[in-house]
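Undergrad: Heads up, the sequence shown is in my numbering, so the first residue is 35 and it goes up one at a time.
No residue lacks a Cβ here, since even glycine has one placed at the ideal position from N, Cα and C.
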Amino acid sequence: MDEKKNNAPVVWDWFDHPQNLRRLRIGFYLVLALLVLADLFLHKHVLFYRPEAWPGFYAAFGFIACVAIILISKLLGYVLKRKEDYYEH
Numbered sequence: 035m036d037e038k039k040n041n042a043p044v045v046w047d048w049f050d051h052p053q054n055l056r057r058l059r060i061g062f063y064l065v066l067a068l069l070v071l072a073d074l075f076l077h078k079h080v081l082f083y084r085p086e087a088w089p090g091f092y093a094a095f096g097f098i099a100c101v102a103i104i105l106i107s108k109l110l111g112y113v114l115k116r117k118e119d120y121y122e123h
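1. Looking only at its chain, what residues have a beta carbon closer than 7 Å to the beta carbon of F97, apart from the 5 residues adjacent to it on each side?
2. Within its chain, find whatever has a CB closer than 6 Å to the CB of R84; leave out the 5 residues flanking it on each side and keep chain order.
3. Using a C-beta cutoff of 8 Å, does V101 count as contacting chain D?
4. Which first and last residues belong to the alpha helix (DSSP H) in which F95 is found?
5. Between L58, V70 and W46, which has its C-alpha nearest A87's C-alpha?
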């Protein structure tokens with residue numbers, strides 16, 4: 035990043051500074067916490083399932099769904115993996 039190519043000045047991006055990444059991460063966590071906190075004060079009309087009315091249900095459901103997608107894709111990667119010389123036959 036500090037190297038100069040063709041004598042061009044080095045341009046630093048906003049994401050190149052670690053303190054900005056830390057601020058961004060803290061901001062994301064703060065927004066997520068505020069959304070779950072706001073969920074405590076909202077009245078929800080349950081359509082299908084009683085736990086839908088629980089505070090933070092959809093946040094937990096989304097997190098569990100994402101973890102399940104990642105684990106299933108890793109499992110599929112192992113199942114569908116082929117040998118290195120698979121196409122050489």
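TA: Put simply:
1. none
2. No residues qualify anywhere along the chain.
3. Among the chains of the structure shown, chain D does not appear; only one protein chain is present.
4. F91 to L114
5. V70
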